[in-house]
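**Q** Below are the structure tokens for one structure; questions will follow.
Residue numbers (the numbering used here): 4 to 565.
Here it is, written out as structure tokens:
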């Protein structure tokens, strides 16, 4: 695969990323080291370095020891150069240049803190961001790639390490770390720049789209949760996604994936799984699914005045292939094309109950994509002047009616769902976590109508606020704050739209608790607290007067995306 220069140009801006440090952050220099006497030797000279770092016994099984399997840790058997044990004397730290990583993630010398970050990613992080079993989810596939791809591994170390810091209150310059999470992310961005440069039109080296998409997606998650106060880096990553999709547009496989997703043959989970002689340019199921996830985050950013290019490109491509396509068919087609991702990825290791669970949850995830596209369309129309927005009102209303028609039964089930039903079946948790996104889009559409002077014809529900609050309170009872992070935007919209002080206080308490999940949750909590305080002091109008195109910005000028 060869990418044009546009994505590379975008990542060339990564050096200005405010989250990137100015220099490497190793905490010592060679002059600070002295010999010390230590133990007679490690517990297992032939064991993996994951166990040896923790000073526990390793069974020495390869390629993965049983302890690493049990704890879901990266089993590190990479050879190390022999070196003296050292201690650090207090001294002003001097910068030390890092060696260039080799072409394998196992070439990264992982510390105990790094292994902790990996375990956090594979367990807690994966469970928060996806309701599917962490052992077989999208994040498990990404980690499978990370075992041989240092760029992906570095973003995993950045994500896991950063969230551990937030939750534990440990400083970023933890002495256990040879390199901080921020530095891992910075190095991953530099590696992305190099990968795109090498795959440019002047070079013949093809880029692995699976690796590029996986790293880009994780970088996007990192910036969405922990990014700079102006969201500059998040915008860079979002802008890089559209050129990737436009490059794929030149491949016949994308046309087949979008127009006849169920009929396309010779599908593979990952490009590296292709048999010799197979067409290398086909779109893997993994890349297709990641494009769907990137589309969701692009829609989220569009509400806050960022993003939108990926969804605009996706809709344009879909319309080019099929002029009669509906507004949500592009992302939904890629979703249907990738239905078999987990079955083909895990093969005989994939449990039957997981397979049935995938089938059971397909329809609710289609609603998630439809709600995301509605959110994107409302954000696009909100940028227009009121007169032009009124001209778009009819087609936008038809789009909401279409979603209500396609998913009417699911919406009805959600309204009948009671708090006593737990989340033992994943479909129940997904209904509680996904349906509120549709009703949040309804609230945004109604707000757009108030601002632009048109009346919204018969809304899909008489009271979207109560529909959201009913489901999110059920979700909180059964999953706590983890579930709230998946429903943060519907909660945010209700807090701004409701006149019920009890609802506002409940939502503020949830955002207060979510501050340890990422910097942007802290910013959004601060924004809500400031805005609600102003409303209560009557310094701004009621919910009916809130502008549709207002800028979500804290009092001290910080931007955020949730």
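Backbone N, C-alpha and C fix where the C-beta goes; we use that ideal spot for every residue, glycine too.
This structure is a prediction, so every number in the text was calculated from the model and none was measured.
How far does the alpha helix (DSSP H) with residue 566 in it reach, from first residue to last?
**A** Lying before the first or after the last residue shown, residue 566 is absent from the chain, which here runs from 4 to 565.
**Q** Thinking just about the alpha-carbon of each residue, which of 403, 448, 397 and 367 is nearest to the one in residue 416?
**A** The option with the nearest alpha carbon to residue 416 is 367.
**Q** Rank 135, 70, 122 and 123 by C-alpha distance to the C-alpha of residue 430 and give the top, closest one.
**A** Answer by Cα proximity: 135.
**Q** Tell me which same chain residues have a C-beta within less than 6 Å of the C-beta of residue 50, skipping the five on either side of it?
**A** Closer than 6 Å at the Cβ level, and outside the excluded window around residue 50, lie 61 and 63.
**Q** According to DSSP, residue 562 sits in a beta bridge with which residue or residues?
**A** Answer is 556.
**Q** Reducing DSSP to helix, strand and coil, say where residue 404 ends up.
**A** Residue 404: helix per DSSP, three-state reduction.
**Q** Buried or exposed: which applies to residue 390, given that a residue is buried once 16 or more other Cβ atoms fall within 10 Å of its Cβ?
**A** Exposed, since its Cβ has fewer than 16 Cβ neighbours within 10 Å.
**Q** Would you kindly check if the distance between the Cβ of residue 237 and the Cβ of residue 230 is under 8 Å?
**A** The answer is yes: Cβ separation under 8 Å.
**Q** Mapping DSSP to helix, strand and coil, what is residue 454?
**A** Residue 454: helix per DSSP, three-state reduction.
**Q** If I follow the unbroken alpha helix (DSSP H) through residue 57, where does it start and stop?
**A** 52-57 is the extent of the alpha helix (DSSP H) around residue 57.
**Q** For residue 59, does the count of other Cβ atoms within 10 angstroms reach 16, so buried, or fall short, so exposed?
**A** Residue 59 comes out exposed.
**Q** Please say whether residue 563 and residue 307 have beta carbons closer to each other than 8 Å?
**A** A contact, by the Cβ cut-off of 8 Å.
**Q** Three Cβ pairs or more, each shorter than 8 Å: is that satisfied between the region 299-317 and the region 354-363?
**A** With a cut-off of 8 Å, the region 354-363 and the region 299-317 do not count as touching, because too few Cβ pairs lie within range.
**Q** Using the C-alpha atoms, what's the distance from residue 270 back to residue 324?
**A** About 20 Å.
**Q** Among the candidates 170, 217 and 266, whose CA atom is the shortest distance from the CA of residue 192?
**A** Among 170, 217 and 266, the Cα nearest to that of residue 192 is on 217.
**Q** Let me know the secondary structure DSSP gives residue 515 once reduced to three states.
**A** Residue 515 falls in the helix class under three-state DSSP.
**Q** Might you give, ordered along the chain, the residues of its own chain that have their beta carbon closer than 7 Å to the beta carbon of residue 488, omitting 5 neighbours on each side?
**A** Answer for residue 488: 131, 517 and 520, listed in chain order.
**Q** Do residue 137 and residue 129 have their CB atoms nearer than 8 Å?
**A** Yes; because the gap between Cβ atoms is below 8 Å, this pair is in contact.
**Q** Would the region 335-346 and the region 290-300 be scored as touching if the rule is three or more Cβ pairs under 8 Å?
**A** Yes: at least three Cβ pairs fall under 8 Å.
**Q** Starting from the C-beta of residue 319, find all residues in its chain whose C-beta is less than 8 Å away, skip the five residues before and the five after it, and write them out in chain order.
**A** Taken in chain order, the list of residues that qualify is empty.
**Q** Would you kindly work out how many angstroms separate the C-alpha atoms of residue 261 and residue 328, rounded to a whole number?
**A** When rounded, the distance between both Cα atoms is 10 Å.
**Q** Buried or exposed for residue 197, please, with buried defined as at least 16 other CB atoms from any protein chain shown within 10 angstroms of its CB.
**A** Exposed, by the Cβ-count rule.
**Q** In angstroms, rounded to a whole number, what distance separates the CA positions of residue 414 and residue 457?
**A** Distance between the alpha carbons of residue 414 and residue 457 is about 26 Å.
**Q** For residue 404, count neighbouring Cβ atoms within 10 angstroms of its own Cβ and tell me buried if that reaches 16, exposed if not.
**A** Exposed, since its Cβ has fewer than 16 Cβ neighbours within 10 Å.
**Q** At what residues does the alpha helix (DSSP H) containing residue 216 begin and finish?
**A** Per DSSP, residue 216 belongs to the alpha helix (DSSP H) from 212-229.
**Q** Terminal residues of the continuous alpha helix (DSSP H) containing residue 488?
**A** Where residue 488 is concerned, the enclosing alpha helix (DSSP H) stretches over 484-489.
**Q** For residue 270, does the three-state DSSP call read helix, strand or coil?
**A** Of the three classes helix, strand and coil, the one that applies to residue 270 here is coil, per DSSP.
**Q** In angstroms, rounded to a whole number, what distance separates the CA positions of residue 67 and residue 147?
**A** Near 13 Å, if we compare the C-alpha coordinates of residue 147 and residue 67.
**Q** Distance, Cα to Cα, residue 317 vs residue 115?
**A** Cα-Cα distance, rounded: 42 Å.
**Q** Output the distance between the C-alpha atoms of residue 392 and residue 331, rounded to the nearest integer angstrom.
**A** Approximately 20 Å, taken between the alpha carbons.
**Q** Is residue 172 buried or exposed, if buried means 16 or more other CB atoms sit within 10 Å of its CB?
**A** Per the 10 Å Cβ criterion, exposed.
**Q** Taking all protein chains shown into account, do 16 or more other C-beta atoms lie within 10 angstroms of the C-beta of residue 162, making it buried, or fewer, making it exposed?
**A** The residue in question, residue 162, is buried, as its Cβ has 16 or more Cβ neighbours within 10 Å.
**Q** Using the three-state DSSP reduction, which class does residue 342 fall into: helix, strand or coil?
**A** Here residue 342 sits in coil by DSSP.
**Q** Just how far apart, CA to CA, sit residue 156 and residue 168?
**A** So the alpha carbons of these two residues sit roughly 18 Å apart.
**Q** Is the CB-CB distance between residue 486 and residue 436 below 8 Å?
**A** Contact: yes.
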